[in-house]
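**Student:** In our numbering, the protein residues as written are 136 to 557. One structure, as C-alpha coordinates, below. Some questions next.
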(Lines of atoms letter the chains of each structure in order from A; the text may use other names.)
(Lines give C-alpha, C1' and ligand atoms only; values in the text may rest on other atoms or scores of the structure.)
Protein backbone atom coordinates (compact mmCIF):
# COMPACT_ATOMS: atom_id res chain seq x y z
CA UNK A 136 0.00 0.00 0.00
CA UNK A 137 1.21 3.61 -0.52
CA UNK A 138 1.81 4.10 3.19
CA UNK A 139 4.31 1.22 3.10
CA UNK A 140 6.53 2.92 0.52
CA UNK A 141 9.56 4.46 2.21
CA UNK A 142 12.79 5.86 0.82
CA UNK A 143 13.62 3.09 -1.66
CA UNK A 144 12.52 0.50 0.88
CA UNK A 145 9.29 -1.20 1.90
CA UNK A 146 8.12 -0.17 5.36
CA UNK A 147 6.77 -3.27 7.07
CA UNK A 148 5.36 -1.67 10.22
CA UNK A 149 1.57 -1.98 10.14
CA UNK A 150 1.62 -3.68 6.74
CA UNK A 151 -1.59 -5.47 5.68
CA UNK A 152 -1.57 -9.23 5.06
CA UNK A 153 -3.65 -11.59 2.89
CA UNK A 154 -4.30 -15.32 2.83
CA UNK A 155 -2.41 -17.71 0.49
CA UNK A 156 -5.68 -18.21 -1.38
CA UNK A 157 -6.06 -14.50 -2.06
CA UNK A 158 -2.41 -14.31 -3.12
CA UNK A 159 -3.00 -17.08 -5.69
CA UNK A 160 -6.13 -15.35 -6.98
CA UNK A 161 -4.28 -12.04 -7.34
CA UNK A 162 -1.05 -13.57 -8.66
CA UNK A 163 -0.78 -11.10 -11.54
CA UNK A 164 -0.25 -8.33 -8.95
CA UNK A 165 2.51 -10.06 -7.00
CA UNK A 166 5.89 -8.31 -6.96
CA UNK A 167 9.23 -9.89 -7.75
CA UNK A 168 12.75 -9.12 -6.63
CA UNK A 169 13.97 -6.09 -8.59
CA UNK A 170 10.53 -4.51 -9.12
CA UNK A 171 10.09 -0.88 -8.10
CA UNK A 172 6.82 0.31 -6.57
CA UNK A 173 5.41 3.85 -6.64
CA UNK A 174 2.40 5.49 -5.03
CA UNK A 175 -0.29 6.47 -7.59
CA UNK A 176 -1.25 9.66 -5.77
CA UNK A 177 -0.02 12.03 -3.10
CA UNK A 178 3.71 11.80 -2.51
CA UNK A 179 4.47 10.48 -6.00
CA UNK A 180 8.25 10.88 -5.60
CA UNK A 181 8.50 7.99 -3.18
CA UNK A 182 9.49 4.60 -4.50
CA UNK A 183 10.58 1.27 -3.04
CA UNK A 184 12.83 -1.38 -4.51
CA UNK A 185 11.52 -4.90 -3.94
CA UNK A 186 14.24 -6.98 -2.34
CA UNK A 187 14.58 -10.77 -1.99
CA UNK A 188 12.72 -10.90 1.34
CA UNK A 189 9.70 -9.17 -0.25
CA UNK A 190 9.51 -11.39 -3.33
CA UNK A 191 5.94 -12.66 -3.83
CA UNK A 192 4.28 -9.88 -1.85
CA UNK A 193 1.20 -8.16 -3.27
CA UNK A 194 1.28 -4.78 -5.01
CA UNK A 195 -1.76 -3.28 -3.30
CA UNK A 196 -4.37 -0.73 -4.31
CA UNK A 197 -2.97 2.72 -4.98
CA UNK A 198 0.44 1.49 -6.12
CA UNK A 199 2.20 1.28 -9.50
CA UNK A 200 4.73 -1.44 -10.31
CA UNK A 201 7.76 -1.08 -12.57
CA UNK A 202 9.34 -4.30 -13.85
CA UNK A 203 12.45 -4.25 -16.01
CA UNK A 204 12.21 -6.89 -18.73
CA UNK A 205 15.51 -5.71 -20.19
CA UNK A 206 18.47 -7.57 -18.65
CA UNK A 207 20.69 -4.60 -19.54
CA UNK A 208 19.17 -2.58 -16.69
CA UNK A 209 20.30 -3.25 -13.12
CA UNK A 210 17.20 -2.74 -10.89
CA UNK A 211 19.30 -1.47 -7.98
CA UNK A 212 20.92 1.13 -10.23
CA UNK A 213 17.48 2.05 -11.62
CA UNK A 214 16.11 2.57 -8.12
CA UNK A 215 18.88 5.07 -7.33
CA UNK A 216 18.49 6.80 -10.69
CA UNK A 217 14.79 7.29 -9.92
CA UNK A 218 15.78 8.86 -6.60
CA UNK A 219 17.96 11.53 -8.24
CA UNK A 220 16.61 15.04 -7.43
CA UNK A 221 16.19 15.98 -11.11
CA UNK A 222 14.26 12.76 -11.82
CA UNK A 223 12.04 13.28 -8.78
CA UNK A 224 11.38 16.84 -9.93
CA UNK A 225 10.44 15.58 -13.41
CA UNK A 226 7.93 13.14 -11.92
CA UNK A 227 6.31 15.81 -9.75
CA UNK A 228 6.16 18.26 -12.66
CA UNK A 229 4.43 15.73 -14.93
CA UNK A 230 2.07 14.30 -12.31
CA UNK A 231 -1.60 15.13 -12.91
CA UNK A 232 -3.56 17.25 -10.47
CA UNK A 233 -2.79 20.55 -8.73
CA UNK A 234 -4.10 19.63 -5.27
CA UNK A 235 -3.38 15.89 -5.19
CA UNK A 236 -0.69 14.81 -7.71
CA UNK A 237 -1.53 11.58 -9.54
CA UNK A 238 0.86 9.21 -11.29
CA UNK A 239 0.04 6.68 -14.00
CA UNK A 240 1.84 4.22 -16.27
CA UNK A 241 1.86 6.66 -19.20
CA UNK A 242 3.76 9.27 -17.19
CA UNK A 243 6.34 6.78 -15.95
CA UNK A 244 6.72 5.30 -19.45
CA UNK A 245 7.65 8.77 -20.76
CA UNK A 246 10.31 9.34 -18.11
CA UNK A 247 13.77 9.89 -19.72
CA UNK A 248 16.16 7.21 -18.51
CA UNK A 249 19.97 7.33 -18.56
CA UNK A 250 21.41 3.84 -19.04
CA UNK A 251 25.21 3.57 -18.66
CA UNK A 252 27.08 0.35 -19.55
CA UNK A 253 26.21 -2.64 -17.29
CA UNK A 254 29.60 -2.51 -15.54
CA UNK A 255 29.06 1.15 -14.59
CA UNK A 256 25.51 0.43 -13.43
CA UNK A 257 26.76 -2.30 -11.11
CA UNK A 258 29.56 -0.08 -9.76
CA UNK A 259 27.13 2.78 -9.04
CA UNK A 260 24.59 0.40 -7.49
CA UNK A 261 27.26 -1.26 -5.32
CA UNK A 262 28.57 2.03 -3.90
CA UNK A 263 25.15 3.54 -3.23
CA UNK A 264 23.75 0.22 -2.01
CA UNK A 265 26.55 -0.18 0.52
CA UNK A 266 25.95 3.32 1.83
CA UNK A 267 22.21 2.68 1.95
CA UNK A 268 22.68 -0.54 3.92
CA UNK A 269 24.92 1.25 6.42
CA UNK A 270 22.35 4.02 6.84
CA UNK A 271 19.59 1.43 7.35
CA UNK A 272 21.70 -0.44 9.92
CA UNK A 273 22.35 2.80 11.81
CA UNK A 274 18.65 3.63 11.64
CA UNK A 275 17.70 0.27 13.14
CA UNK A 276 20.36 0.67 15.83
CA UNK A 277 19.03 4.12 16.70
CA UNK A 278 15.52 2.68 17.02
CA UNK A 279 16.82 0.21 19.60
CA UNK A 280 18.72 2.88 21.49
CA UNK A 281 15.72 5.21 21.44
CA UNK A 282 13.59 2.39 22.80
CA UNK A 283 16.09 2.04 25.62
CA UNK A 284 15.82 5.75 26.47
CA UNK A 285 11.99 5.48 26.38
CA UNK A 286 12.13 2.48 28.72
CA UNK A 287 14.34 4.27 31.23
CA UNK A 288 12.19 7.40 31.15
CA UNK A 289 9.00 5.41 31.74
CA UNK A 290 10.61 3.43 34.56
CA UNK A 291 12.10 6.41 36.35
CA UNK A 292 9.71 9.30 35.65
CA UNK A 293 6.30 7.74 34.92
CA UNK A 294 6.17 4.49 36.91
CA UNK A 295 8.72 5.68 39.54
CA UNK A 296 10.14 2.14 39.79
CA UNK A 297 13.31 3.11 41.72
CA UNK A 298 11.23 4.90 44.37
CA UNK A 299 8.84 1.96 44.73
CA UNK A 300 11.77 -0.44 45.06
CA UNK A 301 13.38 1.64 47.82
CA UNK A 302 10.05 1.89 49.67
CA UNK A 303 9.96 -1.92 49.70
CA UNK A 304 13.54 -2.13 50.93
CA UNK A 305 14.88 -3.42 47.61
CA UNK A 306 17.77 -2.21 45.48
CA UNK A 307 16.30 -0.84 42.20
CA UNK A 308 16.80 -3.49 39.50
CA UNK A 309 19.98 -3.00 37.49
CA UNK A 310 20.85 0.28 39.23
CA UNK A 311 24.14 0.97 40.98
CA UNK A 312 24.04 2.25 44.58
CA UNK A 313 25.21 5.78 43.70
CA UNK A 314 22.38 6.26 41.20
CA UNK A 315 19.79 4.70 43.52
CA UNK A 316 20.84 7.12 46.26
CA UNK A 317 19.58 10.03 44.13
CA UNK A 318 15.98 8.76 44.28
CA UNK A 319 13.75 9.36 47.35
CA UNK A 320 12.18 6.45 49.20
CA UNK A 321 8.68 7.87 49.63
CA UNK A 322 5.87 9.64 47.75
CA UNK A 323 3.86 12.78 48.40
CA UNK A 324 0.59 14.23 47.08
CA UNK A 325 0.63 16.62 44.11
CA UNK A 326 -1.73 18.13 41.53
CA UNK A 327 -0.92 15.12 39.33
CA UNK A 328 -1.35 12.53 42.06
CA UNK A 329 1.40 10.81 44.03
CA UNK A 330 4.93 11.78 42.97
CA UNK A 331 8.37 11.13 44.55
CA UNK A 332 8.99 13.31 47.59
CA UNK A 333 10.91 16.47 46.76
CA UNK A 334 9.94 16.46 43.08
CA UNK A 335 7.73 19.28 41.76
CA UNK A 336 4.74 19.74 39.44
CA UNK A 337 5.18 22.88 37.33
CA UNK A 338 3.45 24.63 34.45
CA UNK A 339 5.46 24.51 31.25
CA UNK A 340 6.32 28.27 31.16
CA UNK A 341 8.14 27.90 34.50
CA UNK A 342 10.83 25.77 32.86
CA UNK A 343 10.57 26.66 29.15
CA UNK A 344 9.71 29.54 26.84
CA UNK A 345 6.58 28.98 24.71
CA UNK A 346 6.76 30.94 21.44
CA UNK A 347 3.83 31.18 19.03
CA UNK A 348 4.25 31.23 15.24
CA UNK A 349 3.46 34.30 13.15
CA UNK A 350 -0.15 34.73 12.11
CA UNK A 351 0.50 36.47 8.83
CA UNK A 352 0.30 35.46 5.18
CA UNK A 353 2.35 32.37 4.43
CA UNK A 354 5.37 33.16 2.21
CA UNK A 355 5.89 31.46 -1.14
CA UNK A 356 7.86 28.24 -1.44
CA UNK A 357 10.76 29.22 -3.73
CA UNK A 358 12.30 25.77 -4.01
CA UNK A 359 15.56 27.16 -2.62
CA UNK A 360 16.55 29.32 0.29
CA UNK A 361 16.00 28.84 4.02
CA UNK A 362 13.80 26.33 5.81
CA UNK A 363 10.28 27.14 7.01
CA UNK A 364 9.03 24.14 8.98
CA UNK A 365 5.55 22.85 8.15
CA UNK A 366 3.20 20.56 10.06
CA UNK A 367 4.10 17.71 7.70
CA UNK A 368 7.76 17.93 8.85
CA UNK A 369 6.78 16.65 12.30
CA UNK A 370 7.36 12.90 12.14
CA UNK A 371 6.83 10.22 14.79
CA UNK A 372 8.96 9.57 17.89
CA UNK A 373 10.02 13.19 18.30
CA UNK A 374 11.84 13.42 14.96
CA UNK A 375 11.78 15.85 12.04
CA UNK A 376 11.13 14.57 8.52
CA UNK A 377 12.94 16.90 6.13
CA UNK A 378 12.53 14.79 3.02
CA UNK A 379 10.17 17.52 1.80
CA UNK A 380 11.25 21.08 2.57
CA UNK A 381 9.48 24.44 2.27
CA UNK A 382 12.19 26.95 1.37
CA UNK A 383 11.73 30.72 1.54
CA UNK A 384 13.68 33.87 0.70
CA UNK A 385 16.11 35.57 3.10
CA UNK A 386 13.70 38.48 3.47
CA UNK A 387 10.78 36.19 4.40
CA UNK A 388 13.05 34.16 6.69
CA UNK A 389 14.03 37.29 8.62
CA UNK A 390 10.35 38.04 9.22
CA UNK A 391 9.42 34.47 10.17
CA UNK A 392 12.30 34.19 12.65
CA UNK A 393 11.52 37.52 14.33
CA UNK A 394 10.08 35.61 17.29
CA UNK A 395 12.39 32.59 17.24
CA UNK A 396 14.78 30.73 14.97
CA UNK A 397 14.50 27.15 16.19
CA UNK A 398 17.75 25.24 16.57
CA UNK A 399 19.27 22.21 18.30
CA UNK A 400 17.36 21.18 21.41
CA UNK A 401 14.27 23.30 20.77
CA UNK A 402 10.94 21.50 20.38
CA UNK A 403 8.12 22.22 17.93
CA UNK A 404 4.53 21.16 18.61
CA UNK A 405 1.56 21.19 16.21
CA UNK A 406 -1.63 23.09 17.03
CA UNK A 407 -4.12 21.53 14.57
CA UNK A 408 -4.50 18.37 12.51
CA UNK A 409 -2.21 15.94 14.31
CA UNK A 410 -2.75 17.91 17.52
CA UNK A 411 0.21 17.74 19.89
CA UNK A 412 2.64 16.05 17.50
CA UNK A 413 6.09 17.11 18.64
CA UNK A 414 9.64 17.00 17.29
CA UNK A 415 12.98 18.13 18.62
CA UNK A 416 15.35 20.09 16.39
CA UNK A 417 18.50 18.03 15.75
CA UNK A 418 22.08 19.25 15.60
CA UNK A 419 22.93 21.34 12.54
CA UNK A 420 19.37 22.48 11.78
CA UNK A 421 18.11 26.06 12.02
CA UNK A 422 14.66 26.98 10.78
CA UNK A 423 11.66 29.26 11.00
CA UNK A 424 8.37 27.76 12.20
CA UNK A 425 5.32 27.93 9.94
CA UNK A 426 1.63 28.33 10.67
CA UNK A 427 -0.16 26.14 13.24
CA UNK A 428 3.05 25.38 15.15
CA UNK A 429 4.49 26.50 18.48
CA UNK A 430 8.14 26.45 19.57
CA UNK A 431 9.27 25.41 23.05
CA UNK A 432 12.73 26.41 24.29
CA UNK A 433 14.20 25.15 27.57
CA UNK A 434 15.15 27.79 30.13
CA UNK A 435 18.80 27.35 31.17
CA UNK A 436 19.30 25.51 34.48
CA UNK A 437 15.62 24.58 34.74
CA UNK A 438 15.15 21.60 32.41
CA UNK A 439 17.27 19.71 29.86
CA UNK A 440 16.25 19.29 26.21
CA UNK A 441 16.37 15.51 26.61
CA UNK A 442 14.00 15.54 29.56
CA UNK A 443 11.67 17.95 27.74
CA UNK A 444 11.26 15.80 24.61
CA UNK A 445 10.83 12.62 26.66
CA UNK A 446 8.10 14.37 28.67
CA UNK A 447 6.28 15.32 25.49
CA UNK A 448 6.52 11.77 24.12
CA UNK A 449 5.20 10.19 27.32
CA UNK A 450 1.72 8.81 27.91
CA UNK A 451 1.29 11.21 30.83
CA UNK A 452 1.80 14.23 28.55
CA UNK A 453 -0.61 12.78 25.99
CA UNK A 454 -3.29 12.89 28.72
CA UNK A 455 -2.33 16.50 29.50
CA UNK A 456 -2.53 17.48 25.81
CA UNK A 457 -5.94 15.85 25.39
CA UNK A 458 -7.12 17.74 28.48
CA UNK A 459 -6.15 21.07 26.90
CA UNK A 460 -7.29 20.35 23.33
CA UNK A 461 -10.31 22.29 22.10
CA UNK A 462 -12.83 20.29 20.07
CA UNK A 463 -13.85 21.98 16.83
CA UNK A 464 -16.52 21.32 14.22
CA UNK A 465 -13.89 20.52 11.60
CA UNK A 466 -10.55 20.26 13.41
CA UNK A 467 -9.49 19.96 17.02
CA UNK A 468 -6.90 22.50 18.16
CA UNK A 469 -4.31 23.04 20.87
CA UNK A 470 -3.72 26.78 21.22
CA UNK A 471 -0.77 28.52 22.86
CA UNK A 472 -2.77 29.18 26.02
CA UNK A 473 -3.42 25.45 26.33
CA UNK A 474 0.25 24.62 25.77
CA UNK A 475 1.23 27.05 28.52
CA UNK A 476 -1.06 25.19 30.92
CA UNK A 477 0.55 21.80 30.36
CA UNK A 478 1.97 20.35 33.58
CA UNK A 479 5.23 18.45 34.07
CA UNK A 480 6.78 16.54 36.95
CA UNK A 481 10.31 17.86 37.59
CA UNK A 482 12.85 15.67 39.44
CA UNK A 483 16.16 16.76 40.94
CA UNK A 484 18.74 18.17 38.53
CA UNK A 485 21.10 15.25 39.19
CA UNK A 486 18.51 12.69 38.12
CA UNK A 487 17.44 14.78 35.13
CA UNK A 488 21.04 14.96 33.89
CA UNK A 489 21.35 11.17 34.07
CA UNK A 490 18.81 11.00 31.26
CA UNK A 491 21.20 13.04 29.07
CA UNK A 492 23.75 10.27 29.52
CA UNK A 493 21.25 7.77 28.13
CA UNK A 494 20.55 10.05 25.15
CA UNK A 495 24.25 9.90 24.18
CA UNK A 496 23.72 6.25 23.27
CA UNK A 497 21.97 7.35 20.07
CA UNK A 498 25.37 8.40 18.70
CA UNK A 499 27.13 5.17 19.67
CA UNK A 500 26.84 1.87 17.74
CA UNK A 501 28.93 -0.03 20.30
CA UNK A 502 28.64 -0.23 24.05
CA UNK A 503 32.39 0.05 24.63
CA UNK A 504 34.59 -2.28 26.66
CA UNK A 505 33.27 -4.74 29.18
CA UNK A 506 35.79 -7.05 30.85
CA UNK A 507 38.10 -6.17 27.95
CA UNK A 508 35.61 -7.18 25.25
CA UNK A 509 33.24 -5.32 22.95
CA UNK A 510 29.49 -5.38 23.54
CA UNK A 511 26.98 -4.63 20.81
CA UNK A 512 23.20 -4.39 21.10
CA UNK A 513 21.70 -7.25 19.10
CA UNK A 514 18.00 -6.46 19.49
CA UNK A 515 15.32 -5.32 21.88
CA UNK A 516 14.06 -8.63 23.26
CA UNK A 517 10.94 -7.01 24.74
CA UNK A 518 10.15 -3.42 25.82
CA UNK A 519 13.03 -2.26 28.02
CA UNK A 520 14.97 -5.55 27.79
CA UNK A 521 17.93 -5.88 25.41
CA UNK A 522 20.12 -8.69 24.14
CA UNK A 523 23.82 -7.73 24.09
CA UNK A 524 26.45 -9.75 22.24
CA UNK A 525 29.98 -9.75 23.68
CA UNK A 526 33.03 -10.41 21.50
CA UNK A 527 36.72 -10.82 22.17
CA UNK A 528 39.44 -8.67 20.60
CA UNK A 529 39.39 -10.77 17.40
CA UNK A 530 35.69 -10.12 16.89
CA UNK A 531 34.66 -13.67 17.87
CA UNK A 532 31.27 -13.61 19.60
CA UNK A 533 31.32 -15.71 22.75
CA UNK A 534 28.26 -14.69 24.79
CA UNK A 535 24.88 -13.03 24.62
CA UNK A 536 23.48 -11.57 27.82
CA UNK A 537 20.04 -10.09 28.50
CA UNK A 538 20.17 -6.67 30.17
CA UNK A 539 17.50 -4.23 31.21
CA UNK A 540 17.83 -0.55 30.37
CA UNK A 541 19.33 0.38 33.75
CA UNK A 542 22.00 -2.32 33.45
CA UNK A 543 22.82 -1.22 29.94
CA UNK A 544 23.31 2.38 31.02
CA UNK A 545 25.61 1.34 33.87
CA UNK A 546 27.58 -0.87 31.47
CA UNK A 547 28.13 1.98 29.04
CA UNK A 548 29.01 4.79 31.37
CA UNK A 549 30.79 3.48 34.43
CA UNK A 550 34.59 3.75 34.27
CA UNK A 551 36.03 0.75 32.39
CA UNK A 552 37.56 -0.77 35.50
CA UNK A 553 34.24 -0.64 37.35
CA UNK A 554 31.92 -2.08 34.71
CA UNK A 555 29.69 -4.83 36.01
CA UNK A 556 26.26 -6.22 35.31
CA UNK A 557 25.10 -5.65 38.88
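We put the beta carbon where it would ideally sit given N, CA and C, even for glycine.
Exposed or buried, residue 180, counting other C-beta atoms within 10 Å across all chains shown (16 or more means buried)?
**Tutor:** Position 45 of the chain shown, counting from 1, holds the residue named residue 180. By the neighbour-count criterion, in which 16 or more other beta carbons inside 10 Å mark a residue as buried, residue 180 falls on the buried side.
**Student:** So what does DSSP say about residue 398, is it helix, strand or coil?
**Tutor:** Within the chain shown, the letter at position 263 stands for residue 398. Coil.
**Student:** At what residues does the beta strand (DSSP E) containing residue 87 begin and finish?
**Tutor:** Residue 87 lies beyond the range of the chain shown here (136 to 557); nothing can be said about it.
**Student:** Which one of 401, 304, 140, 451 has the shortest CA to CA distance from residue 197?
**Tutor:** Here residue 197 corresponds to residue number 62 of the chain shown, with the count starting at 1. Closest in alpha carbon position to residue 197, among 401, 304, 140, 451, is 140.
**Student:** Could you have a look at residue 138 and say whether DSSP puts it in helix, strand or coil?
**Tutor:** Counting from one through the chain shown, the residue named residue 138 turns up at place 3. Reduced to three states, the DSSP call for residue 138 is helix.
**Student:** Output the boundary residues of the beta strand (DSSP E) element that contains residue 364.
**Tutor:** By 1-based counting over the chain shown, the position of residue 364 is 229. Start and end: 361–364.
**Student:** Using the three-state DSSP reduction, which class does residue 320 fall into: helix, strand or coil?
**Tutor:** Within the chain shown, numbered from 1, the residue matching residue 320 stands at position 185. It is coil, neither helix nor strand.
**Student:** Determine, using beta-carbon pairs with one atom in the region 256–268 and one in the region 441–457, whether at least three such pairs fall under 8 Å.
**Tutor:** no
**Student:** When you compare only the Cα positions, how much space is there between residue 167 and residue 182?
**Tutor:** On the chain shown, residue 167 is found 32 positions in, with the first residue counted as 1. On the chain shown, residue 182 is found 47 positions in, with the first residue counted as 1. Rounded to the nearest angstrom, the two C-alpha atoms are 15 Å apart.
**Student:** Comparing alpha-carbon positions, which option in 476, 477, 475, 460 lies nearest residue 469?
**Tutor:** As a working mapping, residue 469 is identified with position 334 in the chain shown. Cα-wise, what sits closest to residue 469 is 460.
**Student:** Rounded to a whole number of angstroms, what is the C-alpha to C-alpha distance between residue 373 and residue 444?
**Tutor:** In the chain shown, the residue the question calls residue 373 occupies position 238. In the chain shown, the residue the question calls residue 444 occupies position 309. The alpha-carbon atoms of residue 373 and residue 444 are separated by roughly 7 Å.
**Student:** Quick one: give me the first and last residue of the alpha helix (DSSP H) that residue 451 is part of.
**Tutor:** Locating residue 451 in the chain shown gives position 316, where the first residue counts as 1. Counting along the chain, the alpha helix (DSSP H) containing residue 451 begins and ends at 450–459.
**Student:** Between the C-alpha atoms of residue 171 and residue 202, what's the straight-line distance to the nearest angstrom?
**Tutor:** On the chain shown, residue 171 is found 36 positions in, with the first residue counted as 1. On the chain shown, residue 202 is found 67 positions in, with the first residue counted as 1. Going by the C-alpha atoms only, they are around 7 Å apart.
**Student:** What are the boundary residues of the alpha helix (DSSP H) that includes residue 346?
**Tutor:** Mapped onto the chain shown, residue 346 falls at position 211. Not the alpha helix (DSSP H): residue 346 falls in the beta strand (DSSP E), residues 343–347.
**Student:** Do you know whose CA, among 388, 324, 138, lies nearest residue 422's CA?
**Tutor:** As a first step, residue 422 must be located in the chain shown, where it is residue number 287. The candidate whose alpha carbon is nearest that of residue 422 is 388.
**Student:** Is it true that the CB of residue 323 sits closer than 8 Å to the CB of residue 332?
**Tutor:** Here residue 332 refers to the residue found at position 197 when the chain shown is read from its first residue. Here residue 323 refers to the residue found at position 188 when the chain shown is read from its first residue. Result yes, Cβ atoms of residue 332 and residue 323 sit closer than 8 Å.
**Student:** Under the three-state reduction of DSSP, which class applies to residue 405: helix, strand or coil?
**Tutor:** One-based indexing of the chain shown puts residue 405 at position 270. DSSP places residue 405 in strand when its eight states are reduced to three.
**Student:** Under 7 Å from any heavy atom of the ligand ZN, does the C-beta of residue 391 make it?
**Tutor:** With respect to the ligand ZN, the structure shown offers nothing to examine, as it has no ligands at all.
**Student:** Do you know whose CA, among 251, 225, 169, lies nearest residue 244's CA?
**Tutor:** Residue numbering aside, residue 244 sits at position 109 when the chain shown is read from its first letter. The shortest C-alpha to C-alpha distance from residue 244 to any of 251, 225, 169 is the one to 225.
**Student:** One question on the structure: do residue 399 and residue 416 come within less than 8 Å of each other, judged by their Cβ atoms?
**Tutor:** The count along the chain shown starts at 1 and reaches residue 399 at position 264. The count along the chain shown starts at 1 and reaches residue 416 at position 281. Pairing residue 399 with residue 416 gives a Cβ-Cβ distance under 8 Å.
**Student:** With a threshold of 7 Å on Cβ separation, who are the neighbours of residue 200 within its own chain once the five nearest residues in sequence on each side are excluded?
**Tutor:** Residue numbering aside, residue 200 sits at position 65 when the chain shown is read from its first letter. These residues qualify, in order along the chain: 166, 170, 172, 194.
**Student:** On the DSSP bridge list, what partners appear for residue 174?
**Tutor:** Along the chain shown, read from residue 1 onward, the residue named residue 174 stands at position 39. Bridge partners of residue 174: 198.
**Student:** Between 383, 207, 138, which has its C-alpha nearest residue 178's C-alpha?
**Tutor:** As a working note, residue 178 is residue 43 in the chain shown. Selected option, being the one with the closest Cα: 138.
**Student:** Please check the pair residue 346 and residue 395, which I expect to be a contact at CB under 8 Å, by giving their CB distance rounded to whole angstroms.
**Tutor:** As a position in the chain shown, residue 346 is number 211, starting the count at 1. As a position in the chain shown, residue 395 is number 260, starting the count at 1. At roughly 5 Å, the Cβ-Cβ gap stays under 8 Å, so residue 346 and residue 395 are in contact.
**Student:** Run the CB neighbour count on residue 230, radius 10 Å, all protein chains shown included, and call it buried at 16 or more, exposed below.
**Tutor:** As a working mapping, residue 230 is identified with position 95 in the chain shown. Under this definition residue 230 is a buried residue.
**Student:** Are the region 476–487 and the region 299–312 in contact at 8 Å, needing three or more beta carbon pairs?
**Tutor:** no
**Student:** Would you list the residues sitting across from residue 237 in a DSSP beta bridge?
**Tutor:** Walking along the chain shown from the start, residue 237 turns up at place 102. For residue 237, which the question treats as bridged, DSSP gives the partners 176, 231.
**Student:** Could you name the residues of the same chain whose beta carbon sits closer than 8 Å to that of residue 409, not counting the 5 residues immediately before and after it, in chain order?
**Tutor:** As a first step, residue 409 is located in the chain shown; it is residue number 274 there, counting from the start. Excluding sequence neighbours, residue 409 sits near 366, 369.
**Student:** Does residue 338 come out as helix, strand or coil in the three-state DSSP assignment?
**Tutor:** Position 203 of the chain shown, counted from the start, is the residue given in the question as residue 338. Three-state DSSP puts residue 338 in a strand.
**Student:** Starting from residue 424, follow its DSSP beta bridges and name the residues at the other end.
**Tutor:** Within the chain shown, numbered from 1, the residue matching residue 424 stands at position 289. Residue 424 is bridged to 364.
**Student:** Which partner residues of residue 163 appear in the DSSP bridge assignment?
**Tutor:** Position 28 of the chain shown, counted from the first residue, corresponds to residue 163. None; residue 163 has no bridge partner.
**Student:** Does residue 135 come out as helix, strand or coil in the three-state DSSP assignment?
**Tutor:** As displayed, the chain neither begins before 136 nor continues past 557, which places residue 135 out of reach and without an answer.
**Student:** Find the nearest neighbour of residue 378 within the set 219, 476, 442, 456, judged by alpha-carbon distance.
**Tutor:** Numbered from 1 along the chain shown, position 243 holds the residue referred to as residue 378. Measuring from the Cα of residue 378, the nearest candidate turns out to be 219.
**Student:** Taking the alpha carbon of residue 489 as the reference point, which residue from 348, 385, 315 has its own alpha carbon closest?
**Tutor:** Indexing the chain shown from 1 puts residue 489 at position 354. That would be 315, whose Cα lies nearest to the Cα of residue 489.
**Student:** For residue 415, which beta-bridge partners are listed by DSSP?
**Tutor:** For the purposes of this step, residue 415 is taken as residue 280 along the chain shown, with counting starting at 1. The beta-bridge partner set that DSSP reports for residue 415 consists of 402.
**Student:** Residue 455 and residue 477: beta carbons closer than 8 Å?
**Tutor:** The count along the chain shown starts at 1 and reaches residue 455 at position 320. The count along the chain shown starts at 1 and reaches residue 477 at position 342. Going by C-beta atoms, residue 455 is nearer than 8 Å to residue 477.
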